[in-house]
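Protein chains in written order, with our numbering: chain X, 3 to 301; chain E, 3 to 301; chain L, 3 to 586; chain Y, 3 to 586. Take a look at the structure below.
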Ligand SMILES: Cc1ncc(C[n+]2csc(CCOP(=O)(O)OP(=O)(O)O)c2C)c(N)n1
Ligand SMILES: Cc1ncc(C[n+]2csc(CCOP(=O)(O)OP(=O)(O)O)c2C)c(N)n1
Ligand code: SF4
Ligand code: SF4
Ligand SMILES: [Mg+2]
Ligand SMILES: [Mg+2]
């Protein structure tokens with residue numbers, strides 16, 4: 003078979019242990035885009051956790067936000083629109099020694115990807131999912147997104163949106179996510195903390211990252227948010243109380259909470275999948291040589 | 003063009019006004035299947051409402067449950083697996099004079115169809131959606147469904163399900179459904195009431211119909227439910243209280259509530275779509291003859 | 003042929019598309035023909051974008067080769083585009099922004115420095131007016147009368163009024179004056195032409211054609227290069243009486259359209275290859291349930307996400323194979339907005355008459371390029387009969403939705419019609435629509451019935467072939483070279499043929515307004531006499547060529563296949579044609 | 003050829019499949035070859051289902067024609083199947099359940115009344131044992147030794163023990179005794195044969211082959227006829243060390259498999275045409291990102307939901323066209339469980355070596371029919387090298403995931419490997435994996451780079467052709483008729499050739515273990531010399547024939563196309579072959 007692929011050249015020795023930092027690709031986002039805040043928070047949190055660069059996989063779909071993996075120096079998978087979650091699940095199950103972080107947009111995650119979002123949460127597969135929620139379709143130049151507010155005039159809704167926006171927090175709670183938070187890209191340090199805790203959380207961690215699109219969303223701007231957001235931490239919110247978390251999820255208007263809505267402990271999918279007890283799948287032996295009993299059914 | 007299609011033979015006069023009843027196709031479900039109770043409830047509620055048979059469209063996907071439209075004498079659309087909701091939305095928008103009732107399975111609606119389910123609810127399009135929830139994939143002979151309980155041993159999970167089931171009620175509440183109920187096919191009259199009220203509701207009405215699969219689900223049987231269910235109506239539940247509805251949605255074990263969890267008033271999508279102000283789309287004039295101003299953009 | 007090629011380039015966010023549109027509109031209003039290419043990247047700010055407006059008193063079918071007037075908004079544009087300047091060409095730039103090394107300017111071309119920033123500062127310290135100044139200079143150099151140009155600028159602000167609009171209009175005059183004082187106009191294309199023309203993109207033409215055909219419902223999910231169909235339709239939703247729904251994904255979009263069609267209206271969805279991939283299963287359902295449906299597939303460079311803002315004709319195999327099992331479909335492929343308008347009308351007519359999905363194949367180059375259309379070339383008054391037929395079927399008074407007929411088409415009732423209820427079923431069914439798949443499959447009688455139903459449906463392919471536009475020959479019957487092409491590629495081939503004619507080479511072109519079903523006898527009649535053929539396609543494997551071989555046995559040894567995302571340029575076709583004519 | 007055809011029929015829920023499996027297993031344990039057809043409908047209870055077990059000391063490739071021993075559990079079965087009874091055939095039924103009009107029994111056949119209900123009542127008043135009694139009678143009539151048959155019955159209860167199992171075993175003996183007292187066995191196939199054989203379905207063979215090839219991850223969504231791949235793998239998940247995930251839909255299933263492959267394990271998904279339609283977009287992503295992937299596409303009768311429990315080969319065009327744009331793929335099409343086992347191994351090898359998706363085309367007839375396999379025909383000890391290669395690339399020490407190479411294949415690292423990070427991108431990218439689509443697309447240098455990347459990927463098609471199994475001729479080089487077929491259809495063609503040989507007709511068969519890429523020179527070498535060809539496919543349009551014409555120019559004027567959902571029967575092929583041989 004293709005021998006040039008398997009040609010193993012003598013290794014030059016592994017490079018030194020390195021943590022995640024910028025790659026040699028400069029972000030292509032518009033100046034001022036909220037996504038700069040999000041990537042800064044991701045980088046900061048990974049630096050803090052000192053996870054070796056090769057053990058991180060950033061997975062995304064398609065959208066402005068979904069370009070993120072290119073701008074950091076870890077492994078990455080920049081797949082197709084709306085399908086980042088199942089790709090990430092596959093990676094995680096192939097090698098649960100890896101930290102798999104999913105980054106994408108609100109259209110990608112709550113629109114075309116809504117089904118996968120919900121199912122991953124009920125599974126409690128250990129992923130960190132950060133949605134750069136700008137309430138608009140950025141890369142396709144400004145159509146309504148599932149989180150666009152009622153009445154928002156966009157290219158696809160010139161007379162204003164006429165459907166209720168998705169509430170990602172309530173949806174995550176209802177679907178059984180065990181870590182549900184909201185950050186704001188205008189507060190990188192706070193978001194970095196949410197991300198770091200999400201990465202350390204044993205289970206599905208969802209972070210709705212308010213990340214204004216300065217080009218196409220003239221409604222939900224940095225200023226708009228600054229006038230509204232407050233921190234759940236300072237409001238005495240108890241993140242172990244699901245009922246209270248639901249209540250807070252309803253707040254979207256004069257006041258918009260950021261911070262940790264909910265956290266719970268539940269075994270992860272990987273904990274419960276018996277084949278994974280023997281260690282990461284990618285490191286387990288493959289094949290069934292000698293396993294004659296597998297033929298018993300056929301005799 | 004194909005003239006045999008447009009050949010109009012003299013009408014023989016419209017048949018008399020008729021309400022929905024059985025069609026000449028006998029249900030093919032297994033004897034004892036819960037779906038018999040559901041179809042009885044649908045038929046009963048339509049009879050009660052006296053809606054003319056030609057104004058009802060039953061829409062479904064694929065599954066045992068999804069065969070339902072064939073067994074009643076209204077219009078119907080028995081489409082493909084997981085896509086009943088968008089088909090129903092299209093029908094409704096084409097002609098909002100029709101009563102569009104969607105019937106399907108838990109796999110169809112909460113598995114492959116989860117994304118459409120959520121988006122239809124946030125839209126509050128006026129549909130009645132009845133899921134025959136048997137917590138199993140019936141037609142494909144017994145794999146786990148999104149509502150199969152933890153530990154349930156099925157063909158696809160011989161060692162037991164290891165993911166939390168979807169909670170359809172909580173999901174519907176989080177997605178913004180304005181009528182959220184649960185029925186039990188062992189109590190046809192009660193279910194018929196839920197369905198009739200759902201059909202009359204102005205907005206998306208969701209009815210999770212517990213409908214045991216007697217062939218493949220040996221866990222969640224009629225008896226299992228009979229030992230657990232109680233009626234929200236008799237428990238003094240206030241269906242206008244979203245928080246209480248969330249609380250009740252968490253009950254699934256010793257006690258399982260049936261009845262109306264939540265109801266709210268909100269304009270429907272059809273109310274807000276300005277083009278529909280001129281009446282059902284199918285009855286509006288089509289084409290742009292003489293609308294010269296449409297060319298203004300191009301001049 | 004007198005023509006002028008005007009190009010402006012800069013970064014995304016610099017307003018290049020709007021410069022281009024204003025220029026293009028001005029030419030069209032002068033009564034010139036125009037082709038406008040908008041070249042951009044999959045990024046919202048930065049990078050490199052450019053627009054080329056090619057105008058001529060005669061119709062032009064592509065962006066043409068090279069350029070006469072280049073407006074470089076940044077150094078990168080100068081770097082990339084200077085080599086394309088033709089004899090007598092001129093580059094316009096602001097030396098305050100960057101310098102141009104005179105050595106880089108091609109022989110025979112010149113540079114015109116326009117102090118766009120300085121001119122703009124007269125009105126406001128921000129730099130927002132610089133484009134107006136540059137455009138003014140462009141207008142002068144391109145022979146566009148100032149008042150007409152100023153009107154186009156102020157129109158580009160829509161209903162907005164106020165000092166910014168006024169400043170722009172005035173600043174354009176300043177740029178115009180500066181150019182007049184320092185340069186001279188290229189008047190190649192300025193010979194007085196006819197009536198003002200309409201300017202539209204392929205997508206706009208498709209949307210307009212759909213509305214004219216009676217489309218009442220469009221469901222779509224945004225995807226370049228199909229998005230602007232939705233944008234145009236949404237903007238004119240009320241006036242055209244069309245409900246426009248942005249769906250949660252393409253799966254929903256096509257199912258909504260199918261539902262709407264079943265529900266009683268003409269319905270459409272539009273997408274690009276990635277979204278179309280998600281519609282594959284539904285397409286088969288429409289085929290099986292015999293639901294009329296129009297799907298626009300505007301191709302872009304693949305595979306997968308590929309080059310989202312670049313063109314390709316790489317999805318023909320996908321369109322042909324889409325859907326498990328077999329069902330009838332048609333694929334139409336217009337090459338120009340005028341054809342796109344009519345193809346949309348034809349697509350609805352075919353879908354309606356044959357009760358099956360019809361694909362309208364476009365691509366980025368057709369969908370997003372601008373071209374002029376004479377008002378007389380489109381007629382808004384398309385007859386749109388009611389869909390509420392009276393589908394009685396004669397036999398025993400019982401309504402058989404899938405009655406066997408000679409054509410394969412059966413009478414269709416709509417929900418709401420009393421006594422004519424039926425169930426659309428994606429499972430195999432009998433004439434009534436009752437399932438064969440459950441308790442009847444495998445039983446000899448029903449095994450035969452299934453075959454009959456398959457034949458009934460597939461039989462429509464013959465009708466579709468009869469009803470749809472056959473292949474077309476353009477040019478003389480006797481030619482040394484016959485081009486074979488489809489879709490947007492035809493444009494550059496037409497322009498190339500013109501150039502070759504100038505060189506004394508007799509060529510013709512056979513193209514396929516209906517790509518599928520293939521009109522076999524007509525294709526053979528047109529192509530068998532060909533001396534030499536040259537297959538021109540914007541894909542890797544020559545997908546039209548493959549289809550034609552499958553259906554007719556014809557082979558195309560000479561090919562010009564391009565899969566770099568760029569549209570064809572007439573001169574590259576000319577070059578390859580000359581090679582083939584030399585026997586290479 | 004000595005053979006025996008045993009058929010049992012009744013309603014869904016009557017336990018027909020289990021009767022069939024027990025019979026089939028008994029024959030296999032006797033060392034006979036077997037083909038077992040399980041014919042059912044898309045309904046869980048009721049309707050009509052039947053099973054045919056065909057046994058012979060020599061290998062049989064299809065269900066054969068007619069039947070020798072028929073066990074009718076209901077009147078409908080008698081009605082439908084009595085006409086298939088051959089000379090010497092016998093129908094077994096219980097007159098307590100229904101009567102058979104003697105006039106309906108074909109000449110040369112007889113009826114054997116077995117009081118199954120009465121025999122069953124000896125043990126329990128419920129009727130659950132009636133099948134055991136009937137099966138006992140069948141066993142006697144089919145020449146199956148009683149103890150062996152009793153063992154098969156008790157094995158069919160798995161690890162369950164207890165009086166119900168014992169009753170079944172004993173009641174079978176009662177039925178056996180009754181038949182012995184009242185009938186005589188058909189010993190055609192009972193000549194002592196070799197070692198006990200393995201009995202498996204195509205799907206089981208695929209699952210086993212995948213596990214042997216080192217597959218560690220299977221993601222799937224249930225869909226007939228692919229579901230049993232998941233069922234077998236899930237049941238053996240721990241022993242085989244394979245993680246099996248039932249996904250929320252097919253979109254998720256294929257993306258999970260792609261993620262797992264990227265993550266470092268050999269991964270697979272399996273589905274039927276409807277689910278595959280949903281995988282179309284992802285397939286292109288795997289092609290673009292160069293991720294090894296195996297997709298099983300087990301076809302069923304379409305279009306759309308079609309006949310979910312019936313067979314067809316209607317998805318070839320879909321498999322060929324799946325995915326927008328162009329990327330390399332291979333399509334393998336085994337025809338028998340032994341081939342299916344090896345095809346699965348080959349699919350993983352090709353996917354791995356060429357870093358691209360490989361489709362394993364099956365269909366209901368192959369996936370769900372039973373056949374015998376000699377233990378020596380499959381080897382579980384497949385070498386499974388580690389995927390953790392050392393993909394340094396020499397040039398400046400920098401790791402280039404998509405390095406240009408002679409073969410088009412580049413060294414691939416896995417997450418976790420230090421210093422070899424890369425981003426898999428569905429957008430067009432350069433050798434490093436960095437995007438071309440954003441700030442570089444349209445810039446001349448990168449326009450060229452894009453073309454090079456396309457060529458790099460497409461170049462793998464040549465490698466895939468070299469590496470995969472070429473077309474095969476079975477039978478003599480010189481023949482009056484050459485069958486052309488693929489996939490499960492080959493089975494009935496093989497059996498038909500045997501019959502034709504008996505009639506003195508020399509035929510051969512050219513088939514295509516690798517349907518795509520087409521091995522053009524080999525195909526021409528095998529088919530150009532053919533005197534007459536007969537294309538046999540289970541679809542409407544002759545999809546293999548179309549592909550071969552596209553690639554080789556060969557045309558197939560004689561065809562036997564079947565699209566009624568039923569598998570081919572040898573005799574219908576024989577009949578058509580004779581027609582063709584007569585020049586019709
Ligand atoms: C199947 C498919 N449909 C549509 C698209 C086009 N598309 C690209 S990005 C995008 C949406 C982007 O919105 P979002 O996910 O919110 O990301 P943002 O750009 O706002 O960060 C869409 C619809 C696509 N690439 N693939
Ligand atoms: C795209 C697609 N995937 C898979 C299937 C196979 N399939 C048919 S029904 C079904 C699930 C049925 O479960 P459910 O929706 O719960 O209905 P039930 O039979 O239990 O009533 C599946 C997976 C299909 N028809 N189409
Ligand atoms: S378009 Fe919006 S989301 Fe995209 S990069 Fe620009 S600011 Fe960010
Ligand atoms: S299999 Fe289950 S769901 Fe299907 S018809 Fe039978 S009892 Fe009902
Ligand atoms: Mg967004
Ligand atoms: Mg179910």
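Glycine included, each C-beta is placed from N, C-alpha and C at the ideal position.
Residue i by DSSP, collapsed to three states: which one?
i, result
"residue 315 (chain Y)", "coil"
"residue 359 (chain L)", "strand"
"residue 37 (chain Y)", "strand"
"residue 18 (chain L)", "helix"
Could you please give the first and the last residue of the uninterrupted beta strand (DSSP E) stretch that includes residue i?
i, result
"residue 259 (chain X)", "258 to 265"
"residue 49 (chain Y)", "48 to 58"
"residue 77 (chain X)", "77 to 80"
Pull up the distance between the alpha-carbon of residue i and that of residue j, whole angstroms please.
i, j, result
"residue 287 (chain X)", "residue 337 (chain Y)", "30 Å"
"residue 96 (chain E)", "residue 170 (chain E)", "28 Å"
"residue 228 (chain Y)", "residue 129 (chain X)", "30 Å"
"residue 12 (chain L)", "residue 32 (chain X)", "15 Å"
"residue 146 (chain E)", "residue 250 (chain Y)", "10 Å"
"residue 177 (chain E)", "residue 177 (chain X)", "11 Å"
"residue 48 (chain X)", "residue 58 (chain X)", "9 Å"
Along the alpha helix (DSSP H) that carries residue i, what are the first and last residues, could you check?
i, result
"residue 442 (chain Y)", "Where residue 442 (chain Y) is concerned, there is no enclosing alpha helix (DSSP H), given that its DSSP letter is neither H nor E."
"residue 58 (chain E)", "No alpha helix (DSSP H) holds residue 58 (chain E); the beta strand (DSSP E) holding it covers 58 to 62."
Item to complete: Just list the beta strand (DSSP E) runs in the segment 194 to 244 of chain E, keeping only unbroken ones of 3 residues or longer that don't cross its boundaries, in chain order.
Response: Entirely contained in the segment 194 to 244 of chain E, the beta strand (DSSP E) runs reaching 3 residues are, in chain order, 207 to 212 and 231 to 233.
Worksheet item: Fully enclosed by the segment 125 to 198 of chain E, which alpha helix (DSSP H) runs are 4 residues long or longer?
Response: The alpha helix (DSSP H) runs of length 4 or more contained entirely in the segment 125 to 198 of chain E are, from start to end of the chain, 170 to 177.
Fill in: Complete runs of the alpha helix (DSSP H) confined to the segment 231 to 307 of chain Y [at least 4 residues]
Residue ranges of uninterrupted alpha helix (DSSP H) with 4 or more members, entirely inside the segment 231 to 307 of chain Y and ordered along the chain, are 239 to 242, 252 to 265, 275 to 279 and 282 to 291.
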